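**Student:**
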Amino acid sequence: MKRLTRNEEDEMNRILSRDEEILPSSGFTASVMDAVRREAAVPPPIPFPWKRALPGMTVAGFVLASILIAWIAAISRLIGASASPQPSTSSPSIAPLLSHGNMESLVGWIVFGLLIAFLSTKLSMRFGSGGV
Amino acid sequence: MSASDDQSDVERVLAGNIAAFEGIVQRWQSPLINLAYRFCHDRGRAEEMAQEAFLRAYRALSQWRSDAVFSTWLFALATNLYRSELRRIPARTVPFDDIAEPADKHAADGGFEDHDRDRAVRRAVLALPPKYREALILFYFHEMDVASAARSLGLPEGTVKARLSRGRDILRGKLPQLLAMPSLKEA
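Taken in sequence, the protein lines are chains A and B. For the first sequence, the positions run 0 to 131 when numbering that gives the first Met the number 0 is used. For the second sequence, the positions run 0 to 186 when numbering that gives the first Met the number 0 is used.
#1: So what's Leu113 (chain A) in DSSP terms, helix, strand or just coil?
#2: Do the segment 75 to 82 of chain B and the segment 112 to 126 of chain B make contact, defined as three or more Cβ pairs closer than 8 Å?
#3: By the three-class DSSP mapping on this structure, what secondary structure does Leu152 (chain B) have?
#4: By Cβ distance, which residues of its chain are closer than 8 Å to Arg194 (chain B), with the 5 residues on each side in sequence left out?
#5: So, helix, strand or coil for His114 (chain B), using DSSP?
#6: Would you tell me roughly how many angstroms separate the C-alpha atoms of Trp108 (chain A) and Pro44 (chain A), rounded to the nearest one?
#7: Got a sec: which bits of the segment 32 to 52 of chain B sit with their beta carbon under 8 Å from any beta carbon on chain A, in order along the chain?
#8: Which chain B residues are close to Ile45 (chain A), counting only those with a beta carbon under 9 Å from its beta carbon?
#9: Under DSSP, the alpha helix (DSSP H) around Val24 (chain B) begins and ends at which residues?
#10: DSSP three-state call for Leu76 (chain B): helix, strand or coil?
#11: Using a Cβ-Cβ distance cut-off of 7 Å, determine whether Ala34 (chain A) contacts chain B.
#12: Could you give the distance in angstroms between the alpha-carbon of Ser70 (chain B) and the alpha-carbon of Val58 (chain A)?
#13: Answer with buried or exposed for Ser147 (chain B), where buried requires no fewer than 16 other C-beta atoms within 10 angstroms of its C-beta.
#14: Less than 7 Å between the beta carbons of Leu125 (chain B) and Gly166 (chain B), yes or no?
#15: Mind the definition here: the segment 47 to 55 of chain B touches the segment 112 to 120 of chain A only if three or more C-beta pairs lie below 8 Å; say whether that holds.
#16: Measuring CB atoms only, is the segment 9 to 17 of chain B touching the segment 65 to 78 of chain A, in the sense that at least three cross pairs come out at less than 8 Å?
#17: At the 7 Å Cβ level, is Ser151 (chain B) part of the contact set with chain A, yes or no?
#18: Let me know if Ile78 (chain A) comes out buried or exposed under the rule of 16 or more other beta-carbons within 10 Å of its beta-carbon.
#19: Identify, in the order they occur along the chain, each residue of the same chain with its Cβ nearer than 6 Å to the Cβ of Phe74 (chain B), setting aside the five sequence neighbours on each side.
#20: Could you pull the start and end residues of the alpha helix (DSSP H) that Ile14 (chain A) belongs to?
#21: Under 9 Å Cβ-Cβ, which residues of chain B neighbour Val31 (chain A)?
#22: Give me the subset of the segment 15 to 26 of chain A whose CB atoms are less than 9 Å from a CB atom of chain B, sorted by chain position.
#23: Shorter than 7 Å from the beta carbon of Thr28 (chain A) to some beta carbon of chain B?
This is the structure in C-alpha cells:
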C-alpha cells in the first residue's frame with residue numbers, strides 16, 4: 000500500500016488535530032458527585048471470615064483425608080484378600096472376628112460423623128447469631 | 000492544572016473527605032469527556048462514559064501511586080474503559096466503503112466544504128479496525144505525542160508508531176481524494 004506523502008500527512012494531522020471540542024453539560028459535575036456519594040454510601044463488601052472458617056475447614060479437611068485413607072486401606076485389604084489363597088476349612092475361621100471388627104469401626108465412623116455434624120451445626124449457629 | 004492539586008485532593012478523598020473528589024472532576028471533566036467523544040462521536044454517550052471513568056477512578060484512587068503523574072494514570076484508566084465500552088457496544092459508524100467522497104472536489108461553489116471533508120476523514124477514522132483507530136485517537140488527543148498515547152494505551156511506543164503508520168496508510172488508501180485535496184480555504 001502506498002505510504003502517505005508529506006503533504007497528505009500534514010493535511011491529515013491538521014484535520015484530526017482540530018477535532019471538535021465539546022463542553023461538559025452544566026450538571027455533569029453534580030451527576031458524577033451524586034454517583035460517587037452513592038458509591039461511598041454502599042457498605043464495603045464483607046470479607047470472607049477466614050479466621051472463623053479456618054478451624055472448620057481444617058477439621059473438614061482432616062475428616063476427608065481420614066475417609067480417603069480408610070477407603071484406600073479397605074480397597075487394598077480387599078485386593079490382598081482376593082489375591083491370597085482361600086483358607087482351608089480345617090484352619091480356624093477368622094470371619095467372625097473380621098465381621099466383629101468391621102462392626103466396631105462402622106459404629107465408630109457413625110459416632111464420628113454425628114459428632115462432626117453436631118459441631119458444624121453448633122458452629123454455624125454461633126456464626127449466625129454473631130456469637131464468635 | 001497542577002499536579003499538587005491532584006495530589007492533595009486524592010489525599011483528602013482517601014482520608015474520607017468525599018467532597019474533595021469534586022476538584023478532580025472539575026479539573027479533568029473536559030479532557031475526559033472530549034476523549035470519550037473522540038471514541039464515539041456521541042455527546043450523551045461521551046458524558047456517560049466519562050462519568051463511569053470518574054467512578055472507577057474514585058474506586059481505584061488508593062491504587063494511584065503518587066510517583067506517577069495523576070493525569071497519566073487517569074487517562075490510562077479512562078482509555079481502558081472507553082476501549083472496552085466501544086468493543087461492547089460499538090459506535091455507530093458508516094462502513095468505509097459508504098463514506099462519501101466529493102463528486103467534484105474542486106467545485107468552485109464550495110459544494111464540498113472543508114467541514115464536510117474533515118467530517119468524512121473523522122468518520123473514516125471511526126470505521127478503522129479498533130487497534131488502529133485507538134492509536135490514532137490517542138495520538139491526536141495527546142497533541143501528537145506518541146509517548147503519551149503509548150502510556151494511555153499501555154503499549155510500547157514502537158507498537159503505537161507502527162499502528163499509527165498502518166492506520167494512516169489504510170485511511171490514505173480509502174480516502175485518496177480527500178487527503179490529496181488542498182484546503183478549500185487556501186485554494
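Built from N, CA and C at the ideal position, the CB exists for glycine as well. These numbers come from a predicted model, not from an experiment.
**Tutor:** On the basis of the data shown:
#1: Residue mapping note: residue 113 (chain A) aligns to position 114 of the first sequence, counting from 1. Three-state DSSP puts Leu113 (chain A) in a helix.
#2: no
#3: Residue numbering aside, residue 152 (chain B) sits at position 153 when the second sequence is read from its first letter. Helix, per DSSP.
#4: Summary: the structure shown does not reach residue 194 (chain B), with chain B confined to residues 0 through 186, and so no result is reported for it.
#5: For the purposes of this step, residue 114 (chain B) is taken as the residue at position 115 of the second sequence. Correct three-state label for His114 (chain B): helix.
#6: Working through the first sequence from its first residue, we reach residue 108 (chain A) at position 109. Working through the first sequence from its first residue, we reach residue 44 (chain A) at position 45. Cα-Cα distance, rounded: 40 Å.
#7: If you check each beta-carbon in the segment 32 to 52 of chain B against every beta-carbon of chain A, the ones closer than 8 Å belong to Ile32, Asn33, Tyr36, Arg37, Arg42, Ala45, Glu46, Ala49 and Gln50.
#8: Indexing the first sequence from 1 puts residue 45 (chain A) at position 46. Here the premise fails: no neighbours, minimum Cβ distance about 17 Å.
#9: Counted from its first residue, the second sequence places residue 24 (chain B) at position 25. It spans Phe20 to Cys39 - the alpha helix (DSSP H) in which Val24 (chain B) sits, taken as one unbroken run.
#10: Translated into the one-based positions of the second sequence, residue 76 (chain B) becomes position 77. Here Leu76 (chain B) sits in helix by DSSP.
#11: For the purposes of this step, residue 34 (chain A) is taken as the residue at position 35 of the first sequence. Ala34 (chain A) counts as touching chain B.
#12: Reading the second sequence from its first residue, position 71 is the one you call residue 70 (chain B). Reading the first sequence from its first residue, position 59 is the one you call residue 58 (chain A). Each residue's Cα considered, the two are about 51 Å apart.
#13: The count along the second sequence starts at 1 and reaches residue 147 (chain B) at position 148. With at least 16 other beta carbons inside 10 angstroms of its own, Ser147 (chain B) counts as buried.
#14: Your numbering for residue 125 (chain B) matches position 126 in the second sequence. Your numbering for residue 166 (chain B) matches position 167 in the second sequence. No, the pair does not count as a contact, with Cβ atoms beyond the cut-off.
#15: Because the criterion of three Cβ pairs below 8 Å is not met, the segment 47 to 55 of chain B and the segment 112 to 120 of chain A do not touch.
#16: no
#17: What you label residue 151 (chain B) is simply residue 152 of the second sequence in a count that begins at 1. Ser151 (chain B) does not count as touching chain A.
#18: As a first step, residue 78 (chain A) is located in the first sequence; it is residue number 79 there, counting from the start. Exposed: under 16 other Cβ atoms inside 10 Å.
#19: Counted from its first residue, the second sequence places residue 74 (chain B) at position 75. Once the five neighbours on either side are set aside, the close Cβ partners of Phe74 (chain B) are Ser151.
#20: Counting from one through the first sequence, the residue named residue 14 (chain A) turns up at place 15. Taken as a continuous stretch (DSSP letters only), the alpha helix (DSSP H) holding Ile14 (chain A) covers Arg5 to Ser16.
#21: Locating residue 31 (chain A) in the first sequence gives position 32, counting from the first residue. By Cβ distance, chain B contributes Phe20, Glu21, Val24, Gln28, Ala49, Gln50, Phe53, Leu54 and Tyr57.
#22: Answer in chain order: Leu15, Ser16, Arg17, Asp18, Glu19, Glu20, Ile21, Leu22, Pro23 and Ser24.
#23: Here the question's residue 28 (chain A) lines up with position 29 in the first sequence. With 7 Å as the cut-off, Thr28 (chain A) counts as an interface residue toward chain B.
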